[in-house]
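> By our numbering, the letter at position 4 of the sequence shown is numbered 1371, and the numbering carries on one by one without gaps. For glycine and all other residues, C-beta sits at the position ideal for the given N, C-alpha and C. Remember, it's a predicted structure, so these values are computed and weren't measured experimentally.
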Amino acid sequence: DASSTRRHKRAKAVAHFKAINCKSKQAHERGATLRGTQEAKGPTMILSVLTALLILLIAYWWASQGLFDAFIHFVCVVIAGVLAFAFWEPLTVGFLLKGGAFDGFAWGMSLGGVFLVALFALRFASDFVTPKRPHLPRWVNLSFGSVLGLLSAMLSMGIILIAVGHLSTSTELLGYTGW
1368 DASSTRRHKR AKAVAHFKAI NCKSKQAHER GATLRGTQEA KGPTMILSVL TALLILLIAY
1428 WWASQGLFDA FIHFVCVVIA GVLAFAFWEP LTVGFLLKGG AFDGFAWGMS LGGVFLVALF
1488 ALRFASDFVT PKRPHLPRWV NLSFGSVLGL LSAMLSMGII LIAVGHLSTS TELLGYTGW
């Protein structure tokens, strides 16, 4: 019946996470640290630098768009994040875990996918509902728009990095070697 199938899928998901945790403990026993197995220099900083640059680029974009647009985008990011974290587990366990090769990618793809689809849908709907923007002084748009843009960027990149972290691939990403 359907409830036993869900229990079976949930048990498989728990076993998958226990296996990942076991690998993490083994890596830690071999000397891996929280920052990875390499020193924090050279190629290991690529992911951090790229993330910081993307956050600054997104913040600049929303600062140049103005306070009103930055506020709308911030609200859309928060709502999309809430929806993504609310629905990614039921979506993954209920529909995506089939026991195949995609299972290792299902968790990350569902979180990132739900977040991006919700964000684009909310942005489209909010732009459709609010076609006119208030005219504010340039310093207000830049200063307060940049703060909201920075918050939006940090939340967006954080959710995307969490989604990437849930992809069961190599422990190395852009020169950073994790657990």
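Among 1489, 1443 and 1475, which residue has its Cα nearest to the Cα of residue 1458?
Counting from 1 along the sequence shown, the entry for residue 1458 is found at position 91. Selected option, being the one with the closest Cα: 1475.
> Helix, strand or coil for residue 1418 per DSSP?
Here residue 1418 is taken as the residue at index 51 of the sequence shown, counted from 1. Three-state result, residue 1418: helix.
> Using the Cβ count rule (16 or more neighbours within 10 Å means buried), how would you classify residue 1506?
For this step, residue 1506 is matched to residue 139 along the sequence shown. So residue 1506 ends up on the exposed side.
> Within 10 angstroms of its Cβ, does residue 1433 collect 16 or more other Cβ (buried), or is it exposed?
On the sequence shown, residue 1433 is found 66 positions in, with the first residue counted as 1. With 16 or more Cβ atoms within 10 Å of its Cβ, residue 1433 is classed as buried.
> Once you ignore the five residues that flank residue 1418 on each side, which residues in its own chain have a CB closer than 6 Å to its CB?
As a first step, residue 1418 is located in the sequence shown; it is residue number 51 there, counting from the start. Cβ within range, chain order: 1524.
> Among the candidates 1438, 1412, 1420 and 1416, whose CA atom is the shortest distance from the CA of residue 1510?
Translated into positions along the sequence shown, residue 1510 becomes position 143. When only C-alpha atoms are compared, the closest one is 1438.
> Excluding the 5 residues preceding and the 5 following residue 1482 in the sequence, name in chain order all residues of the same chain whose CB lies nearer than 6 Å to its CB.
What you label residue 1482 is simply residue 115 of the sequence shown in a count that begins at 1. Answer for residue 1482: 1447, 1451 and 1526, listed in chain order.
> Quick check on residue 1503: does DSSP put it in helix, strand or coil?
Position 136 of the sequence shown holds residue 1503. Reduced to three states, the DSSP call for residue 1503 is coil.
> As a quick exercise: from 1449, 1479 and 1424, pick the residue whose alpha carbon is nearest that of residue 1532.
Indexing the sequence shown from 1 puts residue 1532 at position 165. Here the closest residue by C-alpha is 1479.
> Applying the criterion that 16 or more other CB atoms from any shown protein chain within 10 Å of the CB defines a buried residue, is residue 1436 buried or exposed?
Looking up residue 1436 in the sequence shown gives position 69. Flag for residue 1436 reads buried.
> Mind reading off the beta-carbon distance from residue 1445 to residue 1486? Whole number of angstroms is fine, and I expect it under 8 Å.
Walking along the sequence shown from the start, residue 1445 turns up at place 78. Walking along the sequence shown from the start, residue 1486 turns up at place 119. Not a contact, Cβ separation roughly 10 Å.
> Measure the alpha-carbon distance for residue 1399 versus residue 1534 and round it to whole angstroms.
Sequence index remark: in the sequence shown, residue 1399 carries index 32 (1-based). Sequence index remark: in the sequence shown, residue 1534 carries index 167 (1-based). Legend: pLDDT at residue 1399 = 48, less than 50; position of this residue unreliable, value from coordinates given subsequently. Distance between the alpha carbons of residue 1399 and residue 1534 is about 20 Å.
> What residues in its chain sit with their C-beta under 8 Å from that of residue 1421, if we drop five residues either side in the sequence?
On the sequence shown, position 54 is the one that residue 1421 refers to. Result list for residue 1421: 1520 and 1524, in chain order.
> Going by beta carbon distance, what residues of the same chain come within less than 8 Å of residue 1501, once the five residues before and after it are set aside?
Position 134 of the sequence shown holds residue 1501. Answer for residue 1501: 1435, listed in chain order.
> Is the beta carbon of residue 1493 less than 7 Å from the beta carbon of residue 1426?
In the sequence shown, the residue the question calls residue 1493 occupies position 126. In the sequence shown, the residue the question calls residue 1426 occupies position 59. No; because the gap between Cβ atoms is not below 7 Å, this pair is not in contact.
> In terms of residues, what are the limits of the alpha helix (DSSP H) holding residue 1460?
Your numbering for residue 1460 matches position 93 in the sequence shown. No alpha helix (DSSP H) holds residue 1460; DSSP gives it neither H nor E.
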